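**Q** This structure is in structure tokens; I'll ask about it shortly.
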Amino acid sequence: MTETREISIKVPVLARVEGEGALDLDISNGQIQNLKLRIYEPPRYFEKFLEGRSYAEIPDIVARICGICPVAYQMSAVQAIESAFTCEPGPWVQAMRRLMYCGEWIESHALHIHLLAAPDFLGYGSITEMAADYPAEVRRGLRIQGLGNEIIRFLGGRSVHPVGVRAGGFHSAPKERDAIALRMKLEAALADAESLVRWVADMKRPQYEQAFISVAMHNGERYPMYEGRIMTDQGLECAVADFEQHFQEQQVPYSTALHCRLHGEPYLVGPLARLNLNHTLLPESIQSLCRELGLVWPSRNMFQSIIARAIEIYFVLVEAICLLADYQQDTPYQEIKPKAAIGYGCTEAPRGLLWHRYEFNDRGEIVSARIVPPTSQNQARIEQDIARSLQSFGLDKSDDQLRLQAEMVIRNYDPCISCSTHFLKLNAARR
Amino acid sequence: MPHGANKPFLKIIGVGSPVGDDDIGWRLVDALSASHWLQPWIGRGVALVSLDRPGVGLLEQMGGAEQAVVLDAMVSGREPGAVARFEWPFSVEEAGLLSSHGFGVGESLSLGQALGGLPEKIWVWGIEIHSVTDMAAPGRWTKEHISKILQPIENELQSIIDREIVRSGHK
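Protein chains in written order, with the numbering used here: chain W, 196 to 626; chain R, 43 to 213.
Structure, rendered in structure tokens:
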């Protein structure tokens, strides 16, 4: 039956997302007439903060863009710096950067799964409510998250705003005995990681497929984290430096977060996009687990994002163990020789592609900076998804049901909206 | 016999973020770390740490401590600089403590309560702040402000340490 009532729903507080955002939704004659996701975007300020700063200061500054994914900002930043100054840090640094990223993926994905997404799928309002009935699962999640933080601390000195990263490499190389101790802890957690995948795969999720463009890094050799070209499932493949030729940001009047489109189209970045494009590069043991659980990639169901995160946790745990297996201390960094140049960096933050572009003067100071975070890139896709999902869900549902469904859709993207305290106001009006 | 570094009888945790005045917890931990009266205890039963938006990580940081004192910013309508003491369990909604990403100290303690394993005693000191919406104004909190804010907190910390001395026979 076509819903004919006039509905206007405004969600002032999107619950269980990183930061706050607002949602305005107007429905008339059974069709969505207006849908706006209003978001605050902190990186815009950081782009200005960076101007005039030395390249040496960038890792510590950009780490403060986000308390959940500081490593991602540091990784894209040092890649951009080294690209500008033609510095090749060497295989030890590349391996350690990949290891550090493993830590951040574990920490971020575990937090998302247990705090934000699992309560949705299991019917709880919060992790605290869920913990009463799933204490073992929540403790397992906290253990796994803690391991992610340990990996980050191993190389970064601390897990929030790590200080070990520098242009050219790391400030110091961890001791071999610390690497052995860390590897043993990670090996002991493999059973937890597999159990997590099974637990998440068993959750009842909406079965709703939709068409969208997946965008991720790809290098053909290993599951992408720190290196590769940018690829889409529509056949585009381009160098990191060519990002701006294909992806354009635009201001929308109702949000301080820019929307980014691929030749005018919304697109998806993040774990589901990564898995869609790179699932054949997972270890055979994890591919086998996916087959056993009936998980098929690529997937067009955004509600599979939680499974994608659980699989990535398992993968990076295995990857981190491999990276630590033959660990030896080495020269932790290469010296940098600044020059007037433009550099580009693109790595896979937990939430997706994170692209940096810096222009430097001959003293190595930033003239201009551009940072395109994954959450910005997903904005247009989120709006598209909400519109399609609610249409499919049924606009004849109550306001509360529509609002909750919209929030669930948004949470699939694990948006890292803001690291400031904001309050999202819900303006709901039915006409 | 001093406590080992791995299991302090008291952990003092400053929680905050670099936004606005939300770093007051860190400022207090810095001041306590430098205080002469607390020095003999640091590493010998008392541990101090500053955490940036720890979320559920607060539980890991508290783990193993017998007692914990958390210092955090709040916005509750009081005068800036006012302090309020909360002994767990308390109403998270009424406390007015800040929460980044919607999961602050109160929410973490609620989760810890559900899971078990919290320290035996937890006190949270909320410090009313000016603002979290603008970047921190340098020098907004003077040494005198910090000292005044710390007075009731230091009195409690001293009481906790005195009780520990009696309990364990520390000298």
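Glycine included, every Cβ here is placed at the ideal spot set by N, Cα and C.
All of these numbers come straight from a predicted model, not from anything done at the bench.
With a cut-off of 8 Å, does the C-beta of R/ILE149 fall near any C-beta of chain W?
**A** On the second sequence, residue 149 of chain R is found 107 positions in, with the first residue counted as 1. Looking at the sequence itself, residue 149 of chain R is Glu, so the reference to Ile does not match. It does: the Cβ of R/GLU149 has a partner Cβ on chain W nearer than 8 Å.
**Q** Give the residues of chain R in contact with W/GLN524, contact being defined as C-beta atoms less than 9 Å apart.
**A** As a working note, residue 524 of chain W is residue 329 in the first sequence. What W/GLN524 touches in chain R: nothing, since even the nearest Cβ is about 25 Å away.
**Q** Counting only Cβ pairs nearer than 7 Å, list the residues of chain W close to R/LYS60.
**A** Residue 60 of chain R sits at position 18 when you count from the first residue of the second sequence. It is Pro, not Lys, that sits at residue 60 of chain R in the sequence shown. Among the residues of chain W, those whose CB is under 7 Å from the CB of R/PRO60 are ARG259, following chain order.
**Q** Rounded to the nearest angstrom, what separates R/GLU121 and W/PRO533 at their Cα positions?
**A** In the second sequence, residue 121 of chain R corresponds to position 79, counting from 1. In the first sequence, residue 533 of chain W corresponds to position 338, counting from 1. Between R/GLU121 and W/PRO533, the C-alpha separation is close to 49 Å.
**Q** Going by Cα to Cα distance, which pick from W/SER587, W/SER450, W/ARG248, W/LEU457 is closest to W/GLU439?
**A** Numbered from 1 along the first sequence, position 244 holds the residue referred to as residue 439 of chain W. Measuring from the Cα of W/GLU439, the nearest candidate turns out to be W/LEU457.
**Q** For W/VAL513 and W/VAL447, I'd like the C-alpha separation in whole angstroms.
**A** In the first sequence, residue 513 of chain W corresponds to position 318, counting from 1. In the first sequence, residue 447 of chain W corresponds to position 252, counting from 1. One Cα belongs to W/VAL513, the other to W/VAL447, and the distance between them is close to 41 Å.
**Q** Would you tell me roughly how many angstroms separate the C-alpha atoms of W/VAL435 and W/TYR553, rounded to the nearest one?
**A** Along the first sequence, one-based indexing puts residue 435 of chain W at 240. Along the first sequence, one-based indexing puts residue 553 of chain W at 358. The alpha-carbon atoms of W/VAL435 and W/TYR553 are separated by roughly 13 Å.
**Q** Checking the sheet assignment: what are the DSSP bridge partners for W/ILE566?
**A** Indexing the first sequence from 1 puts residue 566 of chain W at position 371. Note: W/ILE566 sits in a beta bridge opposite W/HIS551.
**Q** Please determine if the region 266-283 of chain W and the region 520-537 of chain W are in contact, where contact requires at least 3 C-beta pairs separated by less than 8 Å.
**A** yes
**Q** Which residues of chain R have a Cβ atom closer than 7 Å to the Cβ of W/GLY341, listed in chain order?
**A** As a working note, residue 341 of chain W is residue 146 in the first sequence. By Cβ distance, chain R contributes GLU102.
**Q** Check whether the region 379-388 of chain W touches the region 497-514 of chain W, counting contact only when three or more Cβ pairs, one atom from each stretch, lie closer than 8 Å.
**A** yes
**Q** Closest by CA to W/LEU607, which one among W/ASN229, W/ALA267, W/ARG546?
**A** As a working mapping, residue 607 of chain W is identified with position 412 in the first sequence. The identity of residue 607 of chain W in the sequence shown is Asn, whereas the question assumes Leu. Considering only alpha carbons, the answer is W/ARG546.
**Q** Given a cut-off of 8 Å on the beta-carbon distance, is the pair W/ASN344 and R/GLY99 in contact?
**A** Locating residue 344 of chain W in the first sequence gives position 149, counting from the first residue. Locating residue 99 of chain R in the second sequence gives position 57, counting from the first residue. Yes, the Cβ-Cβ distance between W/ASN344 and R/GLY99 is below 8 Å.
**Q** Answer yes or no: do W/LEU377 and W/LEU218 have a C-beta to C-beta separation smaller than 8 Å?
**A** Here residue 377 of chain W corresponds to residue number 182 of the first sequence, with the count starting at 1. Here residue 218 of chain W corresponds to residue number 23 of the first sequence, with the count starting at 1. Not in contact: W/LEU377 and W/LEU218 (Cβ atoms no closer than 8 Å).
**Q** Whole angstroms is fine: what's the gap from W/ILE501's alpha carbon to W/MET398's?
**A** By one-based count along the first sequence, residue 501 of chain W stands at place 306. By one-based count along the first sequence, residue 398 of chain W stands at place 203. Straight through space, the alpha carbons of W/MET398 and W/ILE501 are spaced by roughly 10 Å.
**Q** Go ahead and pull the three-state DSSP assignment for W/HIS413.
**A** Position 218 of the first sequence, counted from the first residue, corresponds to residue 413 of chain W. In this structure, W/HIS413 counts as strand in the three-state DSSP scheme.
**Q** Indicate whether R/GLY62 and R/ILE164 have their beta-carbon atoms separated by less than 8 Å.
**A** Here residue 62 of chain R is taken as the residue at index 20 of the second sequence, counted from 1. Here residue 164 of chain R is taken as the residue at index 122 of the second sequence, counted from 1. Cβ atoms of R/GLY62 and R/ILE164: not closer than 8 Å.
**Q** Who are the Cβ neighbours of R/GLY148 in its own chain at under 6 Å, not counting the five residues just before and after it?
**A** Your numbering for residue 148 of chain R matches position 106 in the second sequence. Within the same chain, R/GLY148 has close Cβ partners VAL134, ALA137, LEU139.
**Q** What residues are listed by DSSP as bridge partners for W/THR427?
**A** Taking the first sequence and counting its residues from 1, the one referred to as residue 427 of chain W is at position 232. W/THR427 pairs with W/VAL410.
**Q** Between the region 81-99 of chain R and chain W, which residues of the former have CB atoms less than 9 Å from a CB of the latter, in chain order?
**A** LEU93, ASP94, ARG95, PRO96, GLY97, VAL98, GLY99
**Q** Report the neighbours of W/HIS304 on chain R: residues whose CB is nearer than 7 Å to its CB, in chain order.
**A** In the first sequence, counting from the first residue as 1, residue 304 of chain W sits at position 109. What W/HIS304 touches in chain R: nothing, since even the nearest Cβ is about 14 Å away.
**Q** Since I believe W/GLU444 is in contact with W/LEU453 (beta carbons under 8 Å), could you give me their beta-carbon distance rounded to a whole number of angstroms?
**A** What you label residue 453 of chain W is simply residue 258 of the first sequence in a count that begins at 1. What you label residue 444 of chain W is simply residue 249 of the first sequence in a count that begins at 1. Indeed, because the Cβ distance is near 4 Å, the residues count as touching under 8 Å.
**Q** R/PHE145 by DSSP, collapsed to three states: which one?
**A** The residue you call residue 145 of chain R lines up with position 103 of the second sequence. Coil.
**Q** Looking only at DSSP bridge pairs, what is W/TYR539 linked to?
**A** As a working mapping, residue 539 of chain W is identified with position 344 in the first sequence. BP columns for W/TYR539 point to W/ARG552.
**Q** To the nearest angstrom, report how far apart W/ARG292 and W/PRO478 are at their CA atoms.
**A** Working through the first sequence from its first residue, we reach residue 292 of chain W at position 97. Working through the first sequence from its first residue, we reach residue 478 of chain W at position 283. Straight-line Cα distance between these residues: approximately 20 Å.
**Q** With C-beta atoms as the reference, is W/TYR462 less than 8 Å away from W/ILE408?
**A** Within the first sequence, residue 462 of chain W is the residue found at index 267, counting from 1. Within the first sequence, residue 408 of chain W is the residue found at index 213, counting from 1. Cβ atoms of W/TYR462 and W/ILE408: closer than 8 Å.
**Q** With C-beta atoms as the reference, is W/ILE253 less than 8 Å away from W/GLY298?
**A** As a working mapping, residue 253 of chain W is identified with position 58 in the first sequence. As a working mapping, residue 298 of chain W is identified with position 103 in the first sequence. W/ILE253 is not a Cβ neighbour of W/GLY298, given a cutoff of 8 Å.
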